[in-house]
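> Below is one structure. I have some questions about it.
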Amino acid sequence: MRSLGEQTGDAAEAVRERVSETLSHARARLVASASEAEEVATSLADRADDYVRRNPWQAVAVAALLGGVATFLLARTLRRK
93 MRSLGEQTGD AAEAVRERVS ETLSHARARL VASASEAEEV ATSLADRADD YVRRNPWQAV
153 AVAALLGGVA TFLLARTLRR K
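According to our numbering, the sequence shown is numbered sequentially starting from 93.
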């Protein structure tokens, strides 16, 4: 884009416009994707919150299990070094 700024003529202007248009479309898609990702994350967090509120002891058990697995994997990795 910087090198195009130094160029002149109709061809350079057409390329500049096309690049600007492509960047605008990419930016719009990125904003839409970020919005969709935020909606999905919010939905998953709400579902997890509902599950934990309905099944607190199962949630504690799952958290303990995941903590144990993470500790096992970390200890195993540290032993190899």
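Glycine included, C-beta positions come from ideal geometry on N, C-alpha and C.
Below 8 angstroms between beta carbons: does that hold for Tyr143 and Ala151?
To locate residue 143, count along the sequence shown from 1; it is residue 51. To locate residue 151, count along the sequence shown from 1; it is residue 59. Yes, these two residues count as a Cβ contact at 8 angstroms.
> Under the three-state reduction of DSSP, which class applies to Gly159: helix, strand or coil?
In the sequence shown, residue 159 corresponds to position 67, counting from 1. Here Gly159 sits in helix by DSSP.
> Please report how far the alpha carbon of Gly101 lies from the alpha carbon of Ser112, in whole angstroms.
Sequence index remark: in the sequence shown, residue 101 carries index 9 (1-based). Sequence index remark: in the sequence shown, residue 112 carries index 20 (1-based). Their backbone Cα atoms lie some 17 angstroms apart in a straight line.
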